[in-house]
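The structure under discussion appears below in the form of structure tokens.
Protein chains: 2
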Amino acid sequence: MQHLVPLDNLVAALSRLPGIGRRTAERMAMALVQDSKGLMRILANALLEADDEIASCERCGNVTLSAVNPCELCTRHRRDAHILCVVESPADIMKIEESGGFQGRYHALMGRLSPMHGTGAADLRVDQLLARIADEKITEVLIALGTDVESDATASYLKEILSTREVRVSRIAFGLPSGSAIEYSDAATLAKAISGRQKFD
Amino acid sequence: MQHLVPLDNLVAALSRLPGIGRRTAERMAMALVQDSKGLMRILANALLEADDEIASCERCGNVTLSAVNPCELCTRHRRDAHILCVVESPADIMKIEESGGFQGRYHALMGRLSPMHGTGAADLRVDQLLARIADEKITEVLIALGTDVESDATASYLKEILSTREVRVSRIAFGLPSGSAIEYSDAATLAKAISGRQKFD
Chain A
3 MQHLVPLDNL
13 VAALSRLPGI
23 GRRTAERMAM
33 ALVQDSKGLM
43 RILANALLEA
53 DDEIASCERC
63 GNVTLSAVNP
73 CELCTRHRRD
83 AHILCVVESP
93 ADIMKIEESG
103 GFQGRYHALM
113 GRLSPMHGTG
123 AADLRVDQLL
133 ARIADEKITE
143 VLIALGTDVE
153 SDATASYLKE
163 ILSTREVRVS
173 RIAFGLPSGS
183 AIEYSDAATL
193 AKAISGRQKF
203 D
Chain B
3 MQHLVPLDNL
13 VAALSRLPGI
23 GRRTAERMAM
33 ALVQDSKGLM
43 RILANALLEA
53 DDEIASCERC
63 GNVTLSAVNP
73 CELCTRHRRD
83 AHILCVVESP
93 ADIMKIEESG
103 GFQGRYHALM
113 GRLSPMHGTG
123 AADLRVDQLL
133 ARIADEKITE
143 VLIALGTDVE
153 SDATASYLKE
163 ILSTREVRVS
173 RIAFGLPSGS
183 AIEYSDAATL
193 AKAISGRQKF
203 D
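For the record, the sequence lines run as chains A and B.
Using this note's numbering, the letters of the first sequence correspond one by one to residues 3 to 203.
Using this note's numbering, the letters of the second sequence correspond one by one to residues 3 to 203.
See the structure below:
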């Protein structure tokens with residue numbers, strides 16, 4: 003790259019986006035400075051607008067409009083207010099909402115236990131979870147974390163903490179993904195599907 | 003995605019970046035709104051700064067600081083002012099500069115002939131090229147375009163137009179990439195390497 007300071011700064015900022023390496027950031031920056039449709043200003047304004055108007059829900063941690071806090075999912079009356087689905091991040095809330103499979107409230111931990119990245123229990127929104135269980139008379143906590151080692155450790159940690167509370171703790175099922183065949187499933191998935199088998203009636 | 007207007011706008015703006023699909027834009031937007039290090043504002047400021055301070059060189063079309071126009075490559079005295087390297091875009095100028103293989107001036111066409119995308123000769127900086135050949139007493143035009151069909155058509159078009167001018171027209175060589183083996187080369191590359199063979203002395 004040619005060394006124009008504003009271009010270098012733009013590449014540096016773009017490189018900080020998730021999944022964007024240096025080369026991709028350079029290509030993006032070049033496309034932006036050559037763009038004739040005002041994309042730089044459109045993107046800058048969208049960023050400033052989002053920065054001003056989007057906040058974290060003080061209750062569940064979901065993204066929400068600054069003016070709507072607690073978020074809509076925390077206050078909608080049609081939803082079951084006594085079951086809490088614990089997820090890692092707001093992105094997970096969106097995926098579960100898209101699935102249409104859950105009608106309760108959410109609680110985002112904002113991370114998972116990760117000794118490698120220095121994330122301990124105190125960095126997660128666990129105290130808030132315990133407070134909500136008491137305040138909101140929660141009867142069931144559904145743990146919706148993935149199957150990797152860190153998510154498993156986080157799930158186990160939550161189960162232990164919650165064992166002293168008057169609350170049912172469940173975890174989403176692991177098994178064959180929808181539309182898949184036994185023949186093409188990997189061993190770990192099949193083993194989980196078998197150990198997690200359910201009564202067929 | 004949840005429908006928060008500022009979030010939708012951010013996804014829409016990010017989707018317009020080259021190579022960024024809807025899903026990637028959504029992931030980026032979520033990472034941005036959850037980021038705690040002010041990345042949204044840093045990126046917005048970098049975009050506004052670049053928009054203010056970066057311009058297109060009025061002579062060669064390269065990116066340059068608004069305050070340095072014509073660009074540095076057009077005015078540096080150590081460079082050969084009589085050979086013009088014709089490229090598609092400023093990004094190509096950067097790649098050739100990185101290679102260190104060229105010491106003349108550049109001229110970016112800002113595109114290539116593409117009936118499919120509605121780009122004709124009038125959309126390229128061809129008139130400017132002809133004017134420069136006369137004004138700057140250019141003795142050689144080096145066409146540095148790729149090997150795809152559109153680049154080939156553009157190169158042929160330039161050769162024809164330039165055939166009436168008092169200027170030598172050359173084209174970069176096509177052949178085996180550096181460090182490659184005959185065994186692993188594709189047929190088209192090998193054929194070009196053979197037809198473009200050079201005296202070995």
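Where is the CB? At the ideal position from N, CA and C, for every residue including glycine.
| Asked | Found |
| --- | --- |
| Local conformation of cysteine 76/A per DSSP, three classes | helix |
| Closest by C-alpha distance to alanine 69/B, when choosing among Arg80/B, Leu131/B, Asp53/B, His79/B | Asp53/B |
| Cα-Cα separation, serine 58/A to glutamate 51/A | 15 angstroms |
| Alpha helix (DSSP H) segments (min. 4 residues) lying fully within the stretch 13-96 of chain A | 24-36, 41-55, 74-77 |
| Proximity test, Cβ basis, 8 angstroms: glutamine 36/A and chain B | yes |
| Spatial distance of histidine 79/B from leucine 12/B (CA atoms) | 45 angstroms |
| Touch test, the stretch 156-167 of chain A against the stretch 124-143 of chain A, Cβ-Cβ under 8 angstroms, three pairs minimum | yes |
| Per-residue burial, threonine 149/B [other beta carbons within 10 Å of its own, 16 or more giving buried] | exposed |
| Near-chain B residues of the stretch 79-98 of chain A - C-beta to any C-beta below 9 angstroms | Ser91, Pro92, Ala93, Ile95, Met96 |
| Cutoff 8 angstroms: alanine 146/B Cβ touching any chain A Cβ | no |
| Contact with chain B by glycine 21/A, beta-carbon distance below 8 angstroms | yes |
| Any C-beta of chain B under 8 angstroms from that of alanine 52/A | yes |
| Simplified DSSP assignment, three categories, for glutamate 185/B | helix |
| Contact between the stretch 32-42 of chain B and the stretch 88-105 of chain A (3+ Cβ pairs under 8 angstroms) | yes |
| Residue environment, methionine 42/A, which counts as buried when at least 16 other CB atoms sit within 10 Å | buried |
| Methionine 3/A at chain B interface by Cβ criterion, 8 angstroms | Note that methionine 3/A scores a pLDDT of 48, beneath 50, so its modelled location is shaky; the value from the coordinates is reported in the next line. Yes, contact with chain B. |
| Within-8 angstroms CB hit, asparagine 11/B to chain A | yes |
| Local Cβ density within 10 Å of aspartate 117/A, reported as buried at 16 or more and exposed below that | It should be pointed out that residue 117/A corresponds to proline in this sequence rather than to aspartate. Classification of proline 117/A: exposed, given that the 10 Å Cβ count is below 16. |
| Entirely enclosed alpha helix (DSSP H) segments - the stretch 120-199 of chain B, minimum 4 residues | 128-137, 151-164, 189-197 |
| Interface flag, alanine 27/A vs chain B, CB-CB below 8 angstroms | no |
| Environment of arginine 1/A [buried if 16+ CB atoms lie within 10 Å] | Any property of residue 1/A remains undetermined from this structure, which presents chain A solely from 3 to 203. |
| CA-to-CA distance, histidine 5/B to threonine 66/A, given in whole angstroms | 9 angstroms |
| Reference arginine 29/A; option with closest CA among Ser180/B, Leu19/B, Val128/B | Leu19/B |
| Cut-off 6 angstroms between Cβ atoms - residues of its own chain near alanine 155/A, not counting five sequence neighbours on either side | Leu115 |
| Element boundaries [beta strand (DSSP E), containing arginine 107/B] | 107-110 |
| 8 angstroms Cβ cutoff met for isoleucine 145/A and valine 171/A | yes |
| 8 angstroms Cβ cutoff met for histidine 119/B and cysteine 62/B | no |
| Rounded straight-line distance, which links the Cα of aspartate 203/A to that of leucine 45/B | 55 angstroms |
| Contact set for serine 153/A: own chain, Cβ-Cβ below 6 angstroms, skip 5 residues either direction | Arg114, Leu147 |
| Straight-line gap, glycine 102/B to alanine 195/A (C-alpha atoms, nearest Å) | 58 angstroms |
| Supposed close pair alanine 124/A, tyrosine 159/A - CB separation, criterion 8 angstroms | Incorrect: roughly 12 angstroms between the Cβ atoms, too far for contact. |
| For serine 116/A, the residue or residues it bridges with in DSSP | Thr121/A |
| Sequence-distant residues of its chain with Cβ nearer than 8 angstroms to aspartate 188/A (five each side left out) | none |
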